[in-house]
Structure formats: structure tokens, C-alpha cells
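Engineer:
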Amino acid sequence: MESSPLNLRRAIIWMGRLILGGIFVYAGFSKLLMPNTHLWPMFVLKFSISMNISSFAQQVESYKLISPEASQVVAHTLPFVEIVLGLLLLIGWRLRICATAITAIMVGFLAVVTRAYFLHMDINCGCFGTPEKLTGMTVVRDGALAALALLMTIFAFLEARQPHPWSAPEKA
Amino acid sequence: MEVFSDFQCPACKTLYITTNRKIMDDYVSTGKVYLIHRDFPLAMHAHSRVAARYARAAAQLGKNETVEQALFQNQEKWEQSGDVDGTVAAVLSAAEMAKVRALVKGGTLDAAIDKDFALGQLYRVNQTPTTVFHSGGQTYPYAGVMSYDTLKSFLDQLLSGH
Chain A
1 MESSPLNLRR
11 AIIWMGRLIL
21 GGIFVYAGFS
31 KLLMPNTHLW
41 PMFVLKFSIS
51 MNISSFAQQV
61 ESYKLISPEA
71 SQVVAHTLPF
81 VEIVLGLLLL
91 IGWRLRICAT
101 AITAIMVGFL
111 AVVTRAYFLH
121 MDINCGCFGT
131 PEKLTGMTVV
141 RDGALAALAL
151 LMTIFAFLEA
161 RQPHPWSAPE
171 KA
Chain B
1001 MEVFSDFQCP
1011 ACKTLYITTN
1021 RKIMDDYVST
1031 GKVYLIHRDF
1041 PLAMHAHSRV
1051 AARYARAAAQ
1061 LGKNETVEQA
1071 LFQNQEKWEQ
1081 SGDVDGTVAA
1091 VLSAAEMAKV
1101 RALVKGGTLD
1111 AAIDKDFALG
1121 QLYRVNQTPT
1131 TVFHSGGQTY
1141 PYAGVMSYDT
1151 LKSFLDQLLS
1161 GH
């Protein structure tokens, strides 16, 4: 059996899976468990998560793009979506679907942070659990990650058209 | 519970208006919870230390709640104009205001503000508002704004001895 040749496309897909998957899982967990990380007893953990989600909702609201109610919905769903998509990307299940979803989310993040940056909004980016000022570096970082996500997705679709290197050659 | 707060911080205003005022009515007035306001004026806010001085001066006259409420409710106005004095003067009598101004000019209030700030640093407070709960020998610092219902549920659990 031959090993899978590691061409540039596959290398970028792997990089994208590891980097974006890892970042998404971390971002999701950090929004739930940071900055308040008291984990025990159970009611304390529940209060910690409620507080962290509440803080994240305020950060979403500070972008002044959606209503406070919609910000609450985003804050209560986005961390879980990030964790699930990140894990699925890491294990490679339904790669093209997950990569597309992550690209859409990253492009969305890039659009909102770019808008806030050019409007000179003095806010926290809300990217991870701990407060982090939105700066030009945030835009650059999100731009790089969105580009990686886009490349990963395009290459995942292109690779899917190729016969798998481990598959047996078709008989004439 | 100790609330490390900055009068110019919007989240502190939200916590005060949406949650802590009701907590004062339902838990503090009834003697279930002891609430301490701690000043944690952040360097990024130009007028927060001045506001803290006025609030502390008013507290010495027993007018802390009145002034705290006025400062938070009119935060956007004095944040723009820098007119903390006018905001406080609007809710105090002329005689009270004269005493408050004298205390503020006296320059003795900064030491108490700095003491609160140092205490916050001891608790590793790095954002406002941060609420530090003490119960059963345990200390739980929480950064951020909590809703009244969330905090009520937490306090009830703490008060029930878990």
C-alpha cells in the first residue's frame, strides 16, 4: 500500500483542519469557561457559564449590528456551534460541509471586525473568552484565518474530485 | 459581595441599574447579603476617579446611594462634558454640595480609592465590573454583568449553604 502523497493542496487542508479546528474548539470553550472559571460545585459552574455567556452577549451587542435579543441568541448558540464544527473539522467528518460552514463563519467574523475597525469602535472583539481590544491585528488575524478557511474549502472540493491515492486503479 | 466598579464603565452602569439595585432591595435591605461598593477607576476613563471622589464624599454624608444612582443614570452626559460636579449638584441640596466639594478638594479621598484599587489587584481584578462573593470561607470573583435572575439563583444557593 502506498502512503498518501502530501501535495500542497493536502498540506493546506491538513493545516486548515488542525489550525481552524483547534482555534474553533478553543474559542467555543473559552467563551463558555472564561474569564470566570469556577468549576465546582455544579451551581457555581452553572453561574460561571451564565456569566460568561452574558459577557459574550454584551460583546456581541457592542458591535451595534443586531438587537440585544438577537445578541443573546448568538451568545447562547455560537460557542456550541464553534465547538461542534471545530471537532468535526479536526476529525474530518463531512469535511467539505464543515469547511464550508467554517469559511462562512470566518468571512462573517472578518466582515464584522473590519466594519468595527474602520468605524473606530472602541470595543472588545469577543473572539475568545478573555477581553481583547479590537485592533488592526484582529482584522489581520481574522483575514489570515478566513483566507486559510477559504483555501482549505476550495482544495477539499478539488481533492474530492480526484481518485483517492489509496484506492485501487480502475480496471480497463 | 464586593463590587469593584468604575463609574464611567458602561457595563458597571448596566450591572447597577439592571441587577444591583434590585439586589439591594431584596437581599441587602433584608439583611441576607452584605454589599460593598469598591472603587476601581480604570486609567482609560478620564473622569472615573473624579466621580469616585464625589461618590465617596457623598457617602460621608449618608448620600452614597443618591449620588451613585445619579452618576450611573447620567453617565453618558458627564462622560461627554466632564461635569461630574453638576451631575452631583443636581441631586444634593446646596448645603450638602458645599460639604461634598470641600471633601473633594480636601484631597483625602484618593487614599481610600487607592486602597480599594489595591484590594482589587489582590483579587486579580482586571476588568470592571467584577463582583467578589464571599460565602462559607470560599471566595468567588466573577467578572462581568449578571442578570438579576441569574444572580438571585446563585445567591439563593449560597445562602442555603449549597
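Protein chains in written order, with my numbering: chain A, 1 to 172; chain B, 1001 to 1162.
Where a beta carbon is used, it is the ideal one built from N, C-alpha and C, also for glycine.
No experiment lies behind these values; they were computed from the predicted model shown.
What residues from the stretch 1126-1142 of chain B come within 7 Å of chain A, judged by C-beta to C-beta, listed N to C?
Structural biologist: For the stretch 1126-1142 of chain B, which is checked against every Cβ of chain A, the residues closer than 7 Å are Gln-1127, Tyr-1140 and Tyr-1142.
Engineer: Taking the beta strand (DSSP E) that Ala-1143/B falls in, what are its first and last residues?
Structural biologist: Taking the first residue of the second sequence as 1, we reach residue 1143/B at position 143. Looking at the DSSP string, the run of the beta strand (DSSP E) that includes Ala-1143/B is 1138-1143.
Engineer: Please name the residue, chosen from Pro-41/A, Phe-47/A and His-76/A, that lies closest to Gln-58/A on a Cα-to-Cα basis.
Structural biologist: Taking the first sequence and counting its residues from 1, the one referred to as residue 58/A is at position 58. When each option's Cα is compared against that of Gln-58/A, the closest is His-76/A.
Engineer: Anything in chain A within Cβ reach of Gly-1144/B, meaning under 8 Å, just list it in chain order.
Structural biologist: As a working note, residue 1144/B is residue 144 in the second sequence. Pro-35, Asn-36, Met-51, Asn-52, Ser-54, Ser-55 and Gln-58, listed in chain order.
Engineer: For the stretch 1150-1162 of chain B, which residues have a CB atom closer than 7 Å to at least one CB atom of chain A, in sequence order?
Structural biologist: The stretch 1150-1162 of chain B vs chain A, Cβ under 7 Å: Thr-1150, Phe-1154, Gln-1157 and His-1162.
Engineer: I want to verify the contact list: residues of chain A whose CB lies under 9 Å from the CB of Ser-1147/B, in sequence order.
Structural biologist: Working through the second sequence from its first residue, we reach residue 1147/B at position 147. By Cβ distance, chain A contributes Ser-50 and Ser-54.
Engineer: Any idea what DSSP makes of Arg-1038/B, helix, strand or coil?
Structural biologist: Along the second sequence, read from residue 1 onward, the residue named residue 1038/B stands at position 38. Arg-1038/B: strand per DSSP, three-state reduction.
Engineer: Would you kindly work out how many angstroms separate the C-alpha atoms of Pro-131/A and Ile-53/A, rounded to a whole number?
Structural biologist: The residue labelled residue 131/A in the question sits at position 131 within the first sequence. The residue labelled residue 53/A in the question sits at position 53 within the first sequence. Approximately 13 Å between the Cα atoms of the pair.
Engineer: To the nearest whole angstrom, what separates the beta carbons of Tyr-1148/B and Thr-1019/B, a pair I think is in contact under 8 Å?
Structural biologist: As a working note, residue 1148/B is residue 148 in the second sequence. As a working note, residue 1019/B is residue 19 in the second sequence. Contact holds; Cβ gap of about 5 Å.
Engineer: State yes or no: is the beta carbon of Phe-47/A nearer than 8 Å to at least one beta carbon in chain B?
Structural biologist: Taking the first residue of the first sequence as 1, we reach residue 47/A at position 47. Yes, Phe-47/A lies at the interface with chain B (some Cβ there is under 8 Å from its Cβ).
Engineer: How long is the line joining the alpha carbons of Val-1091/B and Val-107/A, rounded to whole angstroms?
Structural biologist: Within the second sequence, numbered from 1, the residue matching residue 1091/B stands at position 91. Within the first sequence, numbered from 1, the residue matching residue 107/A stands at position 107. Answer to the nearest angstrom: the Cα atoms are 50 Å apart.
Engineer: Can you give me the Cβ contacts of Ala-101/A inside the same chain, cut-off strictly under 7 Å, excluding the 5 residues immediately before and after it?
Structural biologist: Residue mapping note: residue 101/A aligns to position 101 of the first sequence, counting from 1. Closer than 7 Å at Cβ, skipping near neighbours: Leu-85.
Engineer: Excluding the 5 residues flanking Ser-30/A on each side, which residues of the same chain have their C-beta closer than 8 Å to its C-beta?
Structural biologist: Against the first sequence, residue 30/A aligns to sequence position 30. Contacts found: Phe-128, Gly-129 and Thr-130.
Engineer: Would you kindly work out how many angstroms separate the C-alpha atoms of Leu-87/A and Gly-21/A, rounded to a whole number?
Structural biologist: Working through the first sequence from its first residue, we reach residue 87/A at position 87. Working through the first sequence from its first residue, we reach residue 21/A at position 21. Cα to Cα, the separation comes out at about 6 Å.
Engineer: Going by beta carbon distance, what residues of the same chain come within less than 7 Å of Arg-9/A, once the five residues before and after it are set aside?
Structural biologist: One-based indexing of the first sequence puts residue 9/A at position 9. Excluding sequence neighbours, Arg-9/A sits near Phe-155, Leu-158 and Glu-159.
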